[in-house]
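Accompanying notes for the structure given below.
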Amino acid sequence: MTTEQPVRVMVVDDHPMWREGVARDLAEAGFAVVATAGDGEEAVRRARASTPQVVVLDLNLPSLSGAEVCRLVVAADPAVRVLVLSASGEHADVLEAVKSGATGYLVKSAGREELLDAVRRTAVGDPVFTPGLAGLVLGEFRRLAAEPGTSAEPAAPQLTPRETEVLRLVAKGLSYRQIADRLVLSHRTVQNHVQNTLGKLQLHNRVELVRYAIEQGLDEELG
Numbered sequence: 001m002t003t004e005q006p007v008r009v010m011v012v013d014d015h016p017m018w019r020e021g022v023a024r025d026l027a028e029a030g031f032a033v034v035a036t037a038g039d040g041e042e043a044v045r046r047a048r049a050s051t052p053q054v055v056v057l058d059l060n061l062p063s064l065s066g067a068e069v070c071r072l073v074v075a076a077d078p079a080v081r082v083l084v085l086s087a088s089g090e091h092a093d094v095l096e097a098v099k100s101g102a103t104g105y106l107v108k109s110a111g112r113e114e115l116l117d118a119v120r121r122t123a124v125g126d127p128v129f130t131p132g133l134a135g136l137v138l139g140e141f142r143r144l145a146a147e148p149g150t151s152a153e154p155a156a157p158q159l160t161p162r163e164t165e166v167l168r169l170v171a172k173g174l175s176y177r178q179i180a181d182r183l184v185l186s187h188r189t190v191q192n193h194v195q196n197t198l199g200k201l202q203l204h205n206r207v208e209l210v211r212y213a214i215e216q217g218l219d220e221e222l223g
């Protein structure tokens, strides 16, 4: 029987007390904190050296913005997932973070347990947003999909009926757990369907998958 490896996390924030506090909470909860960084350039260097699975990232950083750090880190390793932890709940900041490749966005007023749950969910591919922000992101994807010249490539790979069904629920913003309950499947089976779909569509994370599904109009095909 093999022991499951702890999730590898990197914490990026320019305030030392906040950075150390988040890192300590994560370590106490069983995460492997593989690196911390206090500015943007340092964050990019350390992410490449430490290969975290999840980066908990502040947006307001010296030398490089959080959004730019997110772009560079995800470009270097598309498997990494970025959870933005920011003092700002401004819509423009949320949308910029998602467009830069972040898979979730939490405001710093979140409690300790909310943060730990968000990191766990981010690690398995769930998009995690402070309440009220998920709808904003879905709405922006729908707006972009409606603009001329922004739709996905027409030659879509062949998905199985079950993969398409899961994809429609992803487009509705449901979590893996909610999809599993709706379709009477295990959480792991839903994850496998999503991973297979990501591979077929050559997408990197669930946020990109939601955007693809909305561009295909799949979110409107389900009541």
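Once you know that position 196 of the sequence shown is 196 in full-length UniProt numbering, the rest is easy, because the numbers rise by one and skip nothing. The beta-carbon is built from N, C-alpha and C at its ideal position, and this holds for glycine as well.
query                                                                                          : result
Proximity of Tyr-105 and Val-94 at Cβ, strictly below 8 Å                                      : yes
Pairwise C-alpha distance: Arg-46 and His-15                                                   : 17 Å
Rounded C-alpha distance that separates Gln-195 from Ser-186                                   : 14 Å
Sheet register partners of Ala-32 (DSSP bridge)                                                : Arg-8
DSSP three-state assignment for Leu-209, whether helix, strand or coil                         : helix
Status (buried if at least 16 other CB within 10 Å, exposed otherwise) for Ser-160             : Residue identity differs from the one stated: residue 160 is Thr in this sequence, not Ser. Thr-160 comes out exposed.
Heavy atom of the ligand PLP within 7 Å of Glu-163 beta-carbon                                 : Looking at this structure, you won't find the ligand PLP or any other ligand, since it has none at all.
Close beta carbons around Asp-58, own chain, < 7 Å, minus the five adjacent residues each side : Val-12, Asp-13, Asp-14, Gly-66, Leu-85 and Ser-86
For Leu-169, the first and last residue of its enclosing alpha helix (DSSP H)                  : 161-171
Those residues which DSSP pairs with Tyr-176 across a bridge                                   : Answer is none; Tyr-176 lacks a bridge partner.
Gly-104, DSSP secondary structure in three states                                              : strand
Alpha carbon of Ala-97 to alpha carbon of Leu-169, nearest angstrom                            : 23 Å
CB contact flag (Ala-27, Val-7, <8 Å)                                                          : no
Glu-20 burial status per 10 Å Cβ neighbour count (16 or more: buried)                          : exposed
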